[in-house]
Each structure stands twice: as C-alpha cells, then as structure tokens.
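Quick note, the sequences are listed as chains A and B, same order.
Residues in the first sequence are numbered from 1 upward in steps of one, following the numbering used here.
Residues in the second sequence are numbered from 129 upward in steps of one, following the numbering used here.
Glycine included, every Cβ here is placed at the ideal spot set by N, Cα and C.
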Amino acid sequence: MQKTILIVDDSATIRKLVRLVIESMGHHTIEASDGLEALSILTHTRLDMLITNLNMPNLDGFQLIQQVRKKYHKQNLPILILSSEEEPEIVERGFNAGANVYLYKPLIPWQLRQEMNKIFTQAKLGRD
Amino acid sequence: MSQIDLQKILNQIEEIQALFVFVQRVIPYLEEIIRFVQETTPLMEEVSQSILESSKKMPTAVAELDKVSSTTESAASDMLDGIERMLDTINNSISLIDQINEFEKERLMKEKALVLKLAETLDGIEETQAANVKQALDDFYEEYLAKNCLQKLRQNIFCLQNDAYEIMNSLQIQDITTQQIMAANDLIESVQSKLVALTNRLSFLFSASFNVDSSQVKIPASMSFNTMHSIQDINNDAPGKTVETHDSEVSTNEHPNVDKIIKPAENSTCPVIVTKEKQRTNDVNIEQDHFLQE
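Printed below as a string of structure tokens:
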C-alpha cells in the first residue's frame with residue numbers, strides 16, 4: 001500500500017535524495033524546507049511518516065517534533081530523524097522530543113528502507 | 129621661630145626629600161613606560177588599522193563562501209535531477225527488456241507449438257517423427273535462451289542503476305560541505321565581531337589615554353639619576369634645554385617646558401626641574417624649587 005511521507009530538510013540535495021529512495025519503494029513524498037512549512041503541510045495532509053533534519057532555519061527539528069506530538073496530538077505518526085549530529089546528548093534530545101528512529105547522515109539508502117519497512121510493519125501489526 | 133618649630137620644618141623637609149628620593153627612583157621606570165607606550169602607540173595604531181581592514185574583508189569572505197555553498201547546492205541539485213532522469217530511463221529500459229523477454233518466450237512457445245503440430249501431421253509416415261522433432265526443438269530453444277543477450281543487457285543496466293545510486297549517495301557530500309561552510313562562516317563572523325570590538329577598544333584607548341600629544345609627554349633623560357654623579361651645573365644653559373647624562377656623557381635635548389635643572393644640595397641626589405608651566409601634570413614637574421632655594 002502506498003504511503004505518504006513528509007520529508008523536512010533545508011538541503012534540497014538531501015530532500016531529493018530521500019525522495020528518490022522513498023519513491024523507489026513505491027511511496028509518495030511531500031517536501032518541506034523547514035519546520036514551519038512542515039507544520040503547515042501537516043495541518044491539511046494525512047501523513048504516514050515524517051522524516052526530518054534537526055538543524056533548520058525558522059523552526060528546527062526538535063521544535064517541529066515537539067509541536068507535532070503536543071500541539072497537533074499526532075502521537076502515532078512515526079517520526080524519523082535524519083541528521084549529521086552524532087553527539088549522544090543530541091540523539092537523546094531527539095528521542096525525548098518524540099522521535100521513533102534516529103539515522104545519521106550521510107544517508108545509507110538500504111538503512112532508510114529497512115527502518116521504514118520496520119516502522120510500517122510494526123504499525124500494521126499494531127492495527128491488526 | 130622656636131627651635132622646635134625649626135626642627136619640625138627640617139623634619140618635613142627631610143620627609144619631602146625622602147619622597148623625592150623615592151620619586152627619583154620611580155622616574156626611570158615611568159620614563160621607560162612612557163617611552164615604551166610612545167614607541168608602541170604607532171605600532172598599535174598600525175595593528176588596529178590592519179585589524180580594521182581585515183575585519184572589513186570578512187563579510188566579503190562570508191558572502192563568497194555562501195555563494196560557493198549555493199552554487200554547489202544548485203550543481204548537486206542539477207546532478208540529482210539528471211540522475212533521476214537516468215534512473216527513470218534505466219527503469220523503463222529494464223521493464224522494456226523484461227517485456228521483450230516475455231514476448232520472446234511467448235514467441236518461442238508458439239513457434240514450438242506450430243512446429244510440433246506440423247510434425248504431428250507428418251507423423252503418419254514414421255511413428256517417432258514428432259518425438260524427434262520435439263526433442264530437437266527443446267534443445268534448440270534451450271541453447272537459444274542460454275545465448276540470449278537480453279539477460280546480459282539487463283544485468284548491465286542493473287549495474288548502471290547501482291552506479292547511479294552510488295553517485296546519488298556521493299552527492300550528499302554537498303550537504304556536508306555546506307554545513308562545514310556554514311560553521312566556518314559562523315566562526316568568521318564571530319572573529320569579525322570580536323575584532324571590531326577590539327578595534328573599537330583600541331581606538332578608544334588611543335583617543336582617551338593619548339589625548340595628550342605624546343610628543344609633549346617627555347621626561348628629561350636627566351631624570352634618570354642613576355648617573356647623576358656627572359651632572360654639571362647647567363643653570364646657565366639656555367631655557368628649553370634638558371640635560372641627559374650617561375655617566376660622563378652629557379647631552380642636551382630641546383624641551384620647551386623646561387627652564388633649567390637645578391642641582392640639588394651636596395648631600396642629596398634629588399634633582400629638581402623648574403618648568404615654565406606650573407599646570408603641567410602629565411610631565412614630571414616638581415614645583416619645589418622654593419624649598420631648595422629656601
């Protein structure tokens with residue numbers, strides 16, 4: 001079943017790369033260049049997953065995740081962080097904000113596919 | 129005046145004399161400090177100017193780095209677009225090859241069926257004719273499929289697809305480079321703001337501390353009284369001259385504010401400079417001539 005995934009990153013290169021990987025899996029993607037744009041998309045689009053960077057202008061990844069979880073009450077939306085930040089404190093902060101998966105940049109396509117499949121499988125099992 | 133009063137005055141004079149001795153010892157150091165400041169001021173001004181010029185160039189450096197960043201992003205984006213189109217073509221080619229492969233298999237099956245049907249119609253002459261034809265066809269088609277280049281072509285296209293994905297992944301370096309450039313820009317901007325602050329402080333120092341013309345801040349070398357033993361009576365020297373003494377060497381330098389140097393009393397090493405301007409406080413002006421003359 002085709003899923004809709006929102007990709008949030010200020011780098012057009014990364015957005016495009018992630019989009020190509022996801023589309024090769026047969027899913028549909030939407031792109032946003034920062035947290036604010038992501039929130040505006042989130043309000044009128046049904047999403048199956050959110051993939052976000054952390055360091056972004058206007059509204060960063062942490063704030064975006066927090067708002068998605070608290071303000072928009074999207075507790076079940078799977079959130080995957082894709083960031084070059086490797087410090088344990090930042091990773092922990094990401095999980096504390098409400099992320100489900102944390103992947104380091106540079107992106108390894110098979111790793112992203114694997115994690116996405118895992119999330120979708122768990123979601124399907126949860127529904128069943 | 130009683131003897132006690134006189135004694136008091138004498139004691140005070142001694143105290144003042146002691147003070148002069150102290151000042152006299154301090155003067156060489158002050159003199160050194162002032163000379164040092166005088167010498168370093170132009171250097172510091174030069175440094176300040178250099179810092180100011182360097183800091184002015186920093187925004188240009190930041191802008192250039194931003195430009196590099198946006199140019200590489202644009203180039204990477206174009207390359208990704210190209211790779212995307214390439215991948216689309218590759219995927220289309222793979223599905224076309226698969227279709228051709230299917231058509232070919234279908235065609236062979238139909239061909240085989242036709243040939244077998246023909247063989248069966250001829251089977252009346254010899255019982256084994258059709259079976260032999262079938263065997264021959266199976267062998268031929270097996271060999272044909274084994275030699276089929278379509279599968280090899282498909283493999284080659286898969287290799288191209290993998291290479292395209294590899295290039296796509298490598299383009300992530302652009303994002304990493306951009307982040308590094310941004311970090312460098314932040315650093316440059318931070319250094320720039322610190323340099324500007326430093327320059328401002330230096331300018332303030334020059335304007336505040338050295339408001340008094342440094343050329344006017346002169347302590348006659350004759351105040352370095354570690355060599356006072358060779359000083360001559362220079363009361364007759366022309367006004368505006370000072371005396372520098374270095375052991376036996378005696379030289380004079382123009383000094384507009386100094387009238388004369390009076391040699392102190394025999395048992396004292398304390399010199400006195402009488403100046404024209406009593407209000408000069410930056411100079412080491414000791415307005416105590418009346419004491420000694422008294």
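A/Thr43 classed as buried or exposed, judged by whether at least 16 other C-beta atoms fall within 10 angstroms: Here residue 43 of chain A corresponds to residue number 43 of the first sequence, with the count starting at 1. A/Thr43 comes out exposed.
Could you check if A/Tyr102 is buried or exposed, using at least 16 other CB atoms within 10 Å of its CB as the buried criterion? Along the first sequence, one-based indexing puts residue 102 of chain A at 102. Its Cβ being crowded by 16 or more others within 10 Å, A/Tyr102 is buried.
Measuring CB atoms only, is the region 6-14 of chain A touching the region 45-55 of chain A, in the sense that at least three cross pairs come out at less than 8 Å? yes
Taking C-beta pairs closer than 9 Å, name the residues in chain B that A/Ala38 reaches, listed in chain order. The residue labelled residue 38 of chain A in the question sits at position 38 within the first sequence. Per Cβ cutoff of 9 Å: no residues; A/Ala38 is ~18 Å from chain B at best.
Can you give me the C-alpha to C-alpha distance between A/Ala12 and B/Asn297, rounded to a whole angstrom? Stepping through the first sequence from its first residue, residue 12 of chain A is reached at position 12. Stepping through the second sequence from its first residue, residue 297 of chain B is reached at position 169. Roughly 14 Å separates the two Cα atoms.
Going by alpha carbons, who is nearest to A/Arg15 out of A/Pro109, A/Gly126, A/Lys3 and A/Glu86? Within the first sequence, numbered from 1, the residue matching residue 15 of chain A stands at position 15. With distances taken between Cα atoms, A/Arg15 lies closest to A/Pro109.
Identify the contact partners of A/Ala12 in chain B, using a Cβ-Cβ distance below 7 Å as the criterion. As a first step, residue 12 of chain A must be located in the first sequence, where it is residue number 12. Those are Glu201 and Ser205, listed as they occur along chain B.
Please identify the residue among A/Gln75, A/Tyr72 and A/Ser40 whose C-alpha is closest to the C-alpha of A/Asn58. The sequence position of residue 58 of chain A within the first sequence is 58, counting from 1. Comparing Cα positions, the closest option is A/Ser40.
Does A/Met116 come out as helix, strand or coil in the three-state DSSP assignment? Sequence index remark: in the first sequence, residue 116 of chain A carries index 116 (1-based). DSSP places A/Met116 in helix when its eight states are reduced to three.
Residues of chain A with CB closer than 8 Å to the CB of B/Ile218, please, in chain order. What you label residue 218 of chain B is simply residue 90 of the second sequence in a count that begins at 1. In chain order: nothing, as chain A lies at least about 11 Å away.
Within the 7 Å Cβ cut-off, does A/Leu17 reach chain B? Your numbering for residue 17 of chain A matches position 17 in the first sequence. At least one chain B Cβ lies under 7 Å of A/Leu17.
Going along chain A, which residues have a C-beta under 8 Å from B/Asn297? Numbered from 1 along the second sequence, position 169 holds the residue referred to as residue 297 of chain B. Residues of chain A passing the Cβ test: Leu17, Pro106, Leu107, Ile108 and Pro109.
How about A/Leu64 and A/Ala38: are their beta carbons less than 7 Å apart? For the purposes of this step, residue 64 of chain A is taken as residue 64 along the first sequence, with counting starting at 1. For the purposes of this step, residue 38 of chain A is taken as residue 38 along the first sequence, with counting starting at 1. In contact: A/Leu64 and A/Ala38 (Cβ atoms closer than 7 Å).
Classify B/Gln302: buried if its beta carbon has 16 or more other beta carbons within 10 angstroms, exposed otherwise. Position 174 of the second sequence, counted from the start, is the residue given in the question as residue 302 of chain B. With a threshold of 16 other beta carbon atoms within 10 Å, B/Gln302 meets it and is buried.
Contacting positions in the region 20-53 of chain A - beta carbon closer than 7 Å to chain B: Cβ contacts with chain B come from Leu20.
Give the DSSP-derived three-state secondary structure of A/Met49 in the structure shown. In the first sequence, the residue the question calls residue 49 of chain A occupies position 49. Residue state, collapsed to three classes: strand.
Pairs of beta-carbons, one from the region 228-236 of chain B and one from the region 320-327 of chain B, closer than 8 Å: are there three or more? no
Who are the Cβ neighbours of B/Asn290 in its own chain at under 7 Å, not counting the five residues just before and after it? On the second sequence, residue 290 of chain B is found 162 positions in, with the first residue counted as 1. Closer than 7 Å at the Cβ level, and outside the excluded window around B/Asn290, lies no residue.
Proximal residues to B/Ile218 (C-beta, below 7 Å), its chain only, five neighbours per side dropped: In the second sequence, the residue the question calls residue 218 of chain B occupies position 90. Around B/Ile218: Ile285, Leu288, Gln289 and Ala292.
Chain-order list of residues whose beta-carbon lies under 8 Å from that of B/Met310 (same chain, five-residue window excluded): Against the second sequence, residue 310 of chain B aligns to sequence position 182. So the list reads Ser197, once near-sequence residues are dropped.
So what does DSSP say about A/Glu31, is it helix, strand or coil? As a position in the first sequence, residue 31 of chain A is number 31, starting the count at 1. Here A/Glu31 sits in strand by DSSP.
Do B/Ile316 and B/Ala203 come within 7 Å of each other at the CB atom, strictly closer than that value? Along the second sequence, one-based indexing puts residue 203 of chain B at 75. Along the second sequence, one-based indexing puts residue 316 of chain B at 188. Their beta carbons are not under 7 Å apart, which means B/Ala203 does not touch B/Ile316 by this criterion.
Using 10 angstroms around the beta-carbon of A/Glu92, count the other beta-carbons present and answer buried if the total reaches 16, otherwise exposed. Counting from 1 along the first sequence, the entry for residue 92 of chain A is found at position 92. By the neighbour-count rule (16 or more Cβ atoms within 10 Å), A/Glu92 is not buried but exposed.
The alpha helix (DSSP H) spanning B/Leu281 covers which residue range? The residue you call residue 281 of chain B lines up with position 153 of the second sequence. From DSSP, the alpha helix (DSSP H) with B/Leu281 extends over Cys277 to Ser298.
Select from B/Gln279, B/Arg282 and B/Lys240 the residue whose C-alpha is nearest the C-alpha of B/Asp266. Along the second sequence, one-based indexing puts residue 266 of chain B at 138. Among B/Gln279, B/Arg282 and B/Lys240, the Cα nearest to that of B/Asp266 is on B/Lys240.
Using only CA atoms, which one of A/Gln2, A/Leu17 and A/Met1 lies nearest to B/Glu201? As a position in the second sequence, residue 201 of chain B is number 73, starting the count at 1. Comparing Cα positions, the closest option is A/Leu17.
Tell me whether A/Ser83 sits in a helix, a strand or coil according to DSSP, three-state version. In the first sequence, the residue the question calls residue 83 of chain A occupies position 83. Strand, per DSSP.
Partners in chain A for B/Gln320, counting only beta-carbon separations shorter than 7 Å: Counting from one through the second sequence, the residue named residue 320 of chain B turns up at place 192. Near B/Gln320 there are no residues of chain A at all, since even the closest Cβ is about 21 Å away, more than 7 Å.
8 Å Cβ cut-off: residues of chain A touching B/Gln177: For the purposes of this step, residue 177 of chain B is taken as the residue at position 49 of the second sequence. Within 8 Å Cβ-Cβ: nothing; B/Gln177 doesn't reach chain A, min ~36 Å.
Does any C-beta atom of chain A lie closer than 7 Å to the C-beta of B/Val340? Start at 1 with the first residue of the second sequence, and residue 340 of chain B comes out as number 212. Summary for B/Val340: the model assigns pLDDT 48, below 50, so the residue's position carries little reliability, and this model does not support an answer.
Using three-state DSSP, classify B/Tyr157 as helix, strand or coil. By one-based count along the second sequence, residue 157 of chain B stands at place 29. Three-state DSSP puts B/Tyr157 in a helix.
From A/Asp34, A/Ala32 and A/Lys3, pick the residue whose C-alpha is nearest to that of A/Gly26; which is it? Here residue 26 of chain A is taken as the residue at index 26 of the first sequence, counted from 1. For the residues A/Asp34, A/Ala32 and A/Lys3, the minimum Cα distance to A/Gly26 belongs to A/Lys3.
Can you have a look at B/Gln145 and say buried or exposed, based on whether 16 or more other CB atoms are within 10 angstroms of its CB? The sequence position of residue 145 of chain B within the second sequence is 17, counting from 1. Classification for B/Gln145: buried.
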